[in-house]
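The structure under discussion appears below in the form of structure tokens.
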Amino acid sequence: TIGALVLGSTDPEQFWRDFRQGLRELGHVEGQNIRFEFRSAQGQADRLPELAAELVRLKVDVIVTWFTPPTQAAKQATHEIPIVMADTGDPIGTGLVASLPRPGGNVTGIASVSAELAGKSVQLIRDMLPSARRVTALANATDPFSKPFLEQIKLGGEATGTTINPVRIGGNEELEAAFAAMEKDRPDAVIVQPSLPSKRAAELALKQRVPAVSVPRWFAEEGGLMSYSPRYADLFHKAAVYVDKILKGAHPADLPVEQPTRFELVINMKTAKALGLAIPETFVLRADEVIE
């Protein structure tokens, strides 16, 4: 039995689809030789500990997590059951693993580089909108990954001469309030932390006519202006490979943590038109995908 634990502020559909497909290709078929126990906190981080405890009570063979808070909740719930991270920020800094080559303990998988990509997105905003000098960074206060996320964006701001205004979001009401405040004090662009509700953030940004970018590609698919991310299909397939090895007897402590190596830039031109933005042709040519 494979347990899965997600925060659920972002629709887990793509993770779930690609992960199960990866397992099928490795010979693990739902209903034949494996069962799934899927748990989502529906965006409420405080529900994660009880959901993790539930998976432990069910004695699942391995727990797959997506984002930092679910991984922490799983690790606090068990030191025995193997945990595979599908995409978790700063696993060394948050104490989830001892090191990437030798994780030790019961956690391994894929370490996110989202903080670095968020930092790089400041440069991408300036390349796309040269006049953008004030950028608001919306961070998820309930996610410890918000610290490196904001640090990297600050570095990106210093490198490009861009003023960064960090705003920590503690829940859905605060997300609404942060965008409402932009009526009076409008930034040139917004960067959204991936573990915040991305679809709602994209809608609110469009409503306030503020260009918004984030790391995951579904942010652009859901109406955000731009995303710059690892190729998630690769990560979720890779998570399936870790689970396969563990089910065949490998120990997480001995499986090195990996990092993404392939990335993609997605631009939503429909959103650009709605915002009345003229995006330089040279920038559009750099995109791996353009949504018309």
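The numbering of the sequence shown is this note's numbering, which starts it at 4 and goes up by one.
Ideal Cβ placement from N, Cα and C applies to all residues, glycine included.
Only a predicted model underlies this, so the values are computations on that prediction, with no experimental measurement involved.
Answer yes if the region 45 to 55 comes into contact with the region 67 to 75, meaning at least three C-beta pairs across the two stretches below 8 Å, and no otherwise. At 8 Å Cβ cutoff, the stretches touch.
Mind checking whether residue 165 and residue 129 have CB atoms under 9 Å apart? Locating residue 165 in the sequence shown gives position 162, counting from the first residue. Locating residue 129 in the sequence shown gives position 126, counting from the first residue. Against a cut-off of 9 Å, the Cβ pair of residue 129 and residue 165 comes out as a contact.
Just how far apart, CA to CA, sit residue 176 and residue 253? On the sequence shown, position 173 is the one that residue 176 refers to. On the sequence shown, position 250 is the one that residue 253 refers to. Straight across, the Cα-Cα distance linking residue 176 with residue 253 is about 44 Å.
Residue from 263, 229, 239 whose Cα sits closest to the Cα of residue 294: Here the question's residue 294 lines up with position 291 in the sequence shown. When only C-alpha atoms are compared, the closest one is 229.
Looking at residue 142: is its Cβ nearer than 9 Å to the Cβ of residue 79? For the purposes of this step, residue 142 is taken as the residue at position 139 of the sequence shown. For the purposes of this step, residue 79 is taken as the residue at position 76 of the sequence shown. Between residue 142 and residue 79, the C-beta gap is not smaller than 9 Å, which leaves the two residues out of contact.
Comparing C-alpha positions only, which one of 201, 172, 277, 22 sits nearest to residue 213? By 1-based counting over the sequence shown, the position of residue 213 is 210. Residue 277 is the option with its Cα nearest to residue 213.
Looking at the structure shown, is residue 181 part of a helix, part of a strand, or coil, going by DSSP? Here the question's residue 181 lines up with position 178 in the sequence shown. Residue state, collapsed to three classes: helix.
Starting from residue 283, follow its DSSP beta bridges and name the residues at the other end. If you number the sequence shown from 1, residue 283 lands on position 280. Answer is none; residue 283 lacks a bridge partner.
Please say whether residue 40 and residue 58 have beta carbons closer to each other than 9 Å? In the sequence shown, counting from the first residue as 1, residue 58 sits at position 55. In the sequence shown, counting from the first residue as 1, residue 40 sits at position 37. Yes; because the gap between Cβ atoms is below 9 Å, this pair is in contact.
In chain order, what residues of the same chain lie with their CB nearer than 7 Å to the CB of residue 122, ignoring the 5 residues before and after it? The residue you call residue 122 lines up with position 119 of the sequence shown. Around residue 122: 155, 156, 158, 159.
Quick one: what's residue 229 bridged to in DSSP? Here residue 229 refers to the residue found at position 226 when the sequence shown is read from its first residue. For residue 229, which the question treats as bridged, DSSP gives the partners 216, 270.
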